[in-house]
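Let me begin by presenting the structure, written as structure tokens, before commenting on it.
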Amino acid sequence: MQKNTVLSKIGDIDVGDFPLLLAPMEDVSDPPFRALCKEQGADVVFTEFISSEGLIRDAAKSVMKLDIYEKERPVGIQIFGANLESMLQSVEIVEASKPDIIDINFGCPVKKVVSKGAGAGILKDIDLMVSLTEAMVKHTNLPITVKTRLGWDHESIKILEVAERLQDVGCKAISIHGRTRAQMYKGEADWRPIAAVKNNPRMHIPVFGNGDVDTPEKAALMRDEYGLDGAMIGRASIGYPWFFKEVKHFFKTGEHLAPPSMQERIDAARRHLQMAIDWKGEKLGVFETRRHYTNYFKNIPDFKEFRMKMVTSDDSVDVFAAFDEVEERFSDYVFTH
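For the sequence shown, the UniProt record's numbering begins at 1 and goes up steadily by one.
Shown next, in the form of structure tokens:
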């Protein structure tokens, strides 16, 4: 397939050659995790998606998600909604946090979002999707980008037309997940329609691919065979921020980087938990970091008892104690890919 390269710039922001982007993931892409991913080579990071209705109601959880830090830049704040007035008001609130990018979520497949006509729900109304984007572009000087899916279902895939129309109203980059809303996260992501968008001679904004990029080889395939401008990484990075570094090493050398040692994993898990507690308090910090431990400590034999302590303890003292036990018991364990 023809490689149709465009300098990867989002507005005036140079994001490098084939940037790796951390996907916006609910209860995952928070400041502690973004900091770890940034250290390991993520080029652009996005916040968890934030409800525009929650922002204008000043809902504490939505407002908290606006926290961004200098060390994360370039960082995008992602918002979702289907009401024009609410979306425009939320743009003004978001601007006060001084992100580099505002991203619109037109892809979340979760029922509670879709049922309000937001996220992937808007794929049923392409005209609304385009008019919302246009209004937001006109309402801010920050670059507006979009994350979406191929379509609502297999019969209604119009991503070529959608991408072109979004570009024409001022969208500065588009990230496309290679599944429809109907697929949720099942089956394999299909990158061919994303490549078709990229290879459309009328397209001149960056086109980033998303979905199933879970090995360095797949990232290379997305770059070299499909000719996309960058890869947005989601589930492969959960509990494994080193994925970004591994992809970049593979691009540079064609070889796999040795996996992080047990000590590196324990140090990262400790830092992650401590940063989470510092940012969102003991209870939420402990609870929302749990989902990462399976991947931090993957494929270790006879590990169940330690994992259970990590994912069932409500007190951080117990979780830190579990890390100490693992350090003592498994210090000689060597990871292989």
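Virtual Cβ for every residue (Gly too), placed ideally from N, Cα, C.
Pairing Val247 with Glu217, the inter-Cα distance amounts to about 8 angstroms.
For Gly151, the secondary structure class from DSSP, reduced to helix, strand or coil, is coil. For the pair Ser313 and Glu282, the CB atoms are not nearer than the 9 angstroms cut-off.
Leaving aside the five residues that flank Ala219 on each side, the residues in its chain whose CB is nearer than 6 angstroms to its CB run, in chain order, Val213, Ala231, Val247.
Of the candidates Asp153, His154, Ser156, Val146, the residue whose Cα lies closest to the Cα of Ala163 is Val146. Residue pairing from DSSP places Gln78 in a beta bridge opposite Phe49, Asp103. Under DSSP, Phe208 forms a beta bridge with Ser175, Gly230. Per DSSP, the continuous alpha helix (DSSP H) segment holding Leu160 begins and ends at 159 to 168. When the Cα atoms are used, Thr253 and Ser86 turn out to be separated by approximately 48 angstroms. The distance from the Cβ of Leu84 to that of Ala135 is about 6 angstroms, consistent with a contact at the 8 angstroms cut-off.
The residue among Phe287, Arg270, Glu288, Lys245 with its C-alpha nearest the C-alpha of Glu327 is Arg270. Secondary structure of Ile68 (DSSP, three-state): coil. Contact check for Gly107 against His177 passes: the beta carbons are separated by less than 9 angstroms.
Contact annotation: the segment 10 to 18 does not touch the segment 54 to 62, with fewer than three C-beta pairs closer than 8 angstroms. Taking the C-beta atoms as reference points, Asp100 is found nearer than 9 angstroms to Pro143. Residues of the same chain with a CB within less than 7 angstroms of the CB of Ile159, apart from the 5 flanking positions on each side, are Leu150, Gly151, Ile176, Pro193, Val197 in chain order. For Leu36, the secondary structure class from DSSP, reduced to helix, strand or coil, is helix. Of the other Cβ atoms in all chains shown, fewer than 16 fall within 10 Å of the Cβ of Arg202; this residue is therefore exposed. Around the C-beta of Lys172, 16 or more other C-beta atoms lie within 10 Å, and the residue is accordingly described as buried. Per the DSSP secondary-structure output, Lys9 pairs in a beta bridge with Asp14. Of the residues Arg235, Ile277, Arg290, Ile300, the one whose Cα lies closest to the Cα of Ser261 is Ile300. Annotation: Leu123 is outside any alpha helix (DSSP H) and is labelled neither H nor E by DSSP. Here Met308 is exposed. Its C-beta has fewer than 16 other C-beta atoms within 10 Å. Gly117 sits close to Leu128, with the two beta carbons spaced by under 9 angstroms.
Its chain contains Val15, Gly16, Pro19, Leu20, Leu21 as the residues whose beta carbon lies nearer than 7 angstroms to that of Asp43, once the 5 sequence neighbours on both sides are disregarded; these appear in chain order. DSSP links Thr253 through a beta bridge to no other residue. Here the alpha carbon of Asp27 sits roughly 30 angstroms from the alpha carbon of Val334. For Leu20, there is no enclosing alpha helix (DSSP H); the residue is part of the beta strand (DSSP E) that begins and ends at 20 to 22.
Tyr185 and Val110 have their alpha carbons spaced roughly 10 angstroms apart. Its chain contains His249 as the residues whose beta carbon lies nearer than 8 angstroms to that of Glu255, once the 5 sequence neighbours on both sides are disregarded; these appear in chain order.
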